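Q: Quick one: structure below, then a few questions.
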Amino acid sequence: MARAVAEGARSVLGVSVELVYYAKAEDFADADAIIIGVPTCYHDMSMEIKHLLEEVATKKIKLKGKIGAAFGSYGWSGEAPSLVLEIMKKKFEMETIEHGLTVKYAPNEEALEECRKLGKTVAEKIAKSRIK
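5 is the number of the first residue of the sequence shown in our numbering; add one for each residue after it.
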């Protein structure tokens with residue numbers, strides 16, 4: 005899913021994409037947009053993502069006005085991307101792409117195309133913000 009999101013973002017000219025599997029809080033500081041992939045585990049986001057977001061807050065890394073999006077897979081309930089978006093929007097004051105993308109179990113080609121669209125949407129917002 006992450007590779008498909010990155011592929012979609014790379015389809016927009018002038019946007020640089022870095023796919024990071026284990027991000028550090030400091031990685032967020034210089035990004036124009038942050039797209040977090042997170043599975044739903046027991047009706048919650050993974051502890052790794054929870055700790056990462058807590059570290060961003062603790063280190064007072066400014067994310068206000070940056071573009072944020074989330075996606076993830078699930079087997080039962082699927083709310084982790086929405087939880088991440090809520091933190092992005094309310095805690096960090098980011099401009100979020102609403103309704104995180106969720107896929108039940110492993111993604112099929114249709115779901116991967118939705119991932120590409122998510123990446124492209126975020127990249128287009130970055131490109132548009134640079135024109136202003």
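We put the beta carbon where it would ideally sit given N, CA and C, even for glycine. Every value quoted in this text rests on a predicted model; they were computed, and no experiment measured them.
Skipping 5 residues on each side, what residues in its chain have a beta carbon closer than 8 angstroms to that of Ala-10?
A: Excluding positions up to five away in sequence, the list reads Val-21, Leu-23 and Gly-123.
Q: Report the rounded CA-to-CA distance for Val-126 versus Ser-77, giving the unit in angstroms.
A: Looking at the two C-alpha atoms, the distance is approximately 19 angstroms.
Q: Tell me the residue span of the beta strand (DSSP E) that contains Ala-37.
A: Where Ala-37 is concerned, the enclosing beta strand (DSSP E) stretches over 37 to 41.
Q: Spatial neighbours of Leu-87 within its chain, please: CB distance less than 6 angstroms, with the 5 preceding and 5 following residues excluded, ordered by chain position.
A: Closer than 6 angstroms at Cβ, skipping near neighbours: Met-49.
Q: Does Glu-128 come out as helix, strand or coil in the three-state DSSP assignment?
A: Here Glu-128 sits in helix by DSSP.
Q: Taking a contact to mean a Cβ-Cβ separation below 8 angstroms, would you say Ala-74 touches Ile-130 in this structure?
A: Cβ atoms of Ala-74 and Ile-130: not closer than 8 angstroms.
Q: Which stretch, first to last residue, makes up the alpha helix (DSSP H) that contains Val-60?
A: First-last of the alpha helix (DSSP H) with Val-60: 51 to 62.
Q: Can you give me the C-alpha to C-alpha distance between Gly-69 and Pro-111, rounded to a whole angstrom?
A: So the two alpha carbons sit approximately 30 angstroms from each other.
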